[in-house]
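Since the structure comes first, as structure tokens, the remarks are kept for the end.
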Amino acid sequence: MEALYLLFSIVSTTLTSFILSLILPFRLLLHRLFPPSTTTDATTSIALYDGTVWHERRRPVHHSFKYSVRYAFIDLDRTPHSPPHHLSPQQARDIAQTNGPVFLLTIPPSVGYEQNPLSLYYCYNKEGSTTTLSKCIAEVTNTPWGERVQFLFNPSSDTVAKPLHVSPFMDMLGNWSIRTSTPGDNLVVNISVKHPKLGDYFTASLTANKVSSSSIEHMVFFWLMPHKVAIWIYWHALKLWWKNVVFIQHPRYGNSSYKEDAMARDKSLACCQAFETQRNDVDFDSIVKKNDRWFRWIDAKWPWC
Numbered sequence: 002m003e004a005l006y007l008l009f010s011i012v013s014t015t016l017t018s019f020i021l022s023l024i025l026p027f028r029l030l031l032h033r034l035f036p037p038s039t040t041t042d043a044t045t046s047i048a049l050y051d052g053t054v055w056h057e058r059r060r061p062v063h064h065s066f067k068y069s070v071r072y073a074f075i076d077l078d079r080t081p082h083s084p085p086h087h088l089s090p091q092q093a094r095d096i097a098q099t100n101g102p103v104f105l106l107t108i109p110p111s112v113g114y115e116q117n118p119l120s121l122y123y124c125y126n127k128e129g130s131t132t133t134l135s136k137c138i139a140e141v142t143n144t145p146w147g148e149r150v151q152f153l154f155n156p157s158s159d160t161v162a163k164p165l166h167v168s169p170f171m172d173m174l175g176n177w178s179i180r181t182s183t184p185g186d187n188l189v190v191n192i193s194v195k196h197p198k199l200g201d202y203f204t205a206s207l208t209a210n211k212v213s214s215s216s217i218e219h220m221v222f223f224w225l226m227p228h229k230v231a232i233w234i235y236w237h238a239l240k241l242w243w244k245n246v247v248f249i250q251h252p253r254y255g256n257s258s259y260k261e262d263a264m265a266r267d268k269s270l271a272c273c274q275a276f277e278t279q280r281n282d283v284d285f286d287s288i289v290k291k292n293d294r295w296f297r298w299i300d301a302k303w304p305w306c
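In terms of the working numbering, the sequence shown opens at residue 2 and continues consecutively.
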């Protein structure tokens, strides 16, 4: 059933994106002839980053690759239109317990398709005239299932027990070490995986530079960007399969309590005591509050759920 749905999804997405790509030049022409009144606000609330994603797997076989990627860095308090299917700035502040601006680093949808392995919310604190990055919220989406997990982490350095089945070639054991720089003219995000048997066997990074966005049409800048990311994911999954890396079924088929297991493993890490939840007025679906970590799982639409 999942294989049939995946095939149908690929075909329908291809057709939709092809049709919308044909319409794109006409949308650009209308956009220039009749610019919306919110053009200035939309331009100043979004910064553009152009960079490279790099993956390296060292065990049980060596496999590495890199690809170009483009991200939007969105001021959620100033944007005229909040990105769909993401946290609002106030929700992010409630979760992070911060009082300053909130920015979202993400790949926007393009011609009818969205593909975002990792989005990050940067939550700042304001003290007088000083604004500093305090906490981040990661939003990880797995492919092809489309499930999401959100969790709070310390941007300078943090470790979280793996809470989501992100690849059919990785089991649920292991911890993610994650850190990110404060976004400026450049941006760096580093993630590594430490496994109880394989050790430090996987590393991923994003390095990006801010580009001038004053004369860039966002529809052109991000055209087919989600599609390119998906192609890289599927292509290198095929390469791992060809290298005889063991295919691992989604844990929901063999362990329905894998989320609770992840929380228990995360609690044993004894990280992030500064994130202890002190408020009880944050009430979202599927939120789990713990003494040292905030998690939220978001199921995919049928038939993946």
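Even for Gly, the Cβ is constructed at its ideal location relative to N, Cα and C.
For residue 306, which residues of its own chain have a beta-carbon under 6 Å away from its beta-carbon, when the five flanking residues on both sides are left out?
-> Only weak support exists for where residue 306 lies, its pLDDT of 39 falling under 50; the value from the coordinates is given anyway. So the qualifying residues of the chain are 300.
Distance CB(residue 100)-CB(residue 127) smaller than 8 Å | yes
In this structure, what does DSSP give as the bridge partners for residue 189?
-> Among the bridge pairs identified by DSSP, residue 189 is matched with 208.
Residue 162 beta carbon less than 8 Å from that of residue 231 | no
Look at the Cβ atom of residue 159, then the Cβ atom of residue 179, and state whether they are nearer than 8 Å.
-> yes
Cβ atoms of residue 196 and residue 225: under 8 Å apart, would you say?
-> no
Could you name the residues that DSSP lists as bridge partners for residue 230?
-> Bridge partners of residue 230: none, in fact.
Collapsed DSSP secondary structure at residue 260 in the structure displayed = Of the three classes helix, strand and coil, the one that applies to residue 260 here is helix, per DSSP.
When we look at the beta-carbon of residue 120 and count the other beta-carbons within 10 Å, is it buried (16 or more) or exposed?
-> buried
Compare the beta carbon distance of residue 187 and residue 209 with 8 Å and say whether it is the shorter of the two.
-> A Cβ-Cβ contact shorter than 8 Å links residue 187 with residue 209.
Measure the Cβ-Cβ separation of residue 112 and residue 257 and say whether it is below 8 Å.
-> no
Starting from residue 222, trace the beta strand (DSSP E) both ways and give me its first and last residue.
-> Element bounds for residue 222: not the beta strand (DSSP E) but the alpha helix (DSSP H), 219-222.
For the stretch 73-93 against the stretch 102-111, are there 3 or more C-beta pairs whose distance is under 8 Å?
-> yes
What number of angstroms, rounded off, separates the C-alpha of residue 332 from the C-alpha of residue 56?
-> No answer is possible for residue 332: the residues shown for the chain start at 2 and end at 306.
Measure how close the beta-carbons of residue 79 and residue 223 come, nearest whole angstrom, since I'm counting them as under 8 Å.
-> Their Cβ separation, rounded to whole angstroms, is 19 Å, which puts residue 79 and residue 223 out of contact at 8 Å.
Through-space distance from residue 166 to residue 384, alpha-carbon basis = The requested residue 384 is not part of the displayed model; the chain covers only 2 to 306.
Residue 196 - DSSP class collapsed to helix/strand/coil | strand
Return the Cβ separation of residue 189 and residue 181 in integer angstroms, given the expectation that the two are a contact with Cβ distance under 8 Å.
-> 7 Å
Through-space distance from residue 198 to residue 366, alpha-carbon basis = Residue 366 lies beyond the residue range present for the chain, which begins at 2 and ends at 306; the question has no answer from this structure.
Where the alpha helix (DSSP H) containing residue 95 begins and where it ends = 90-97
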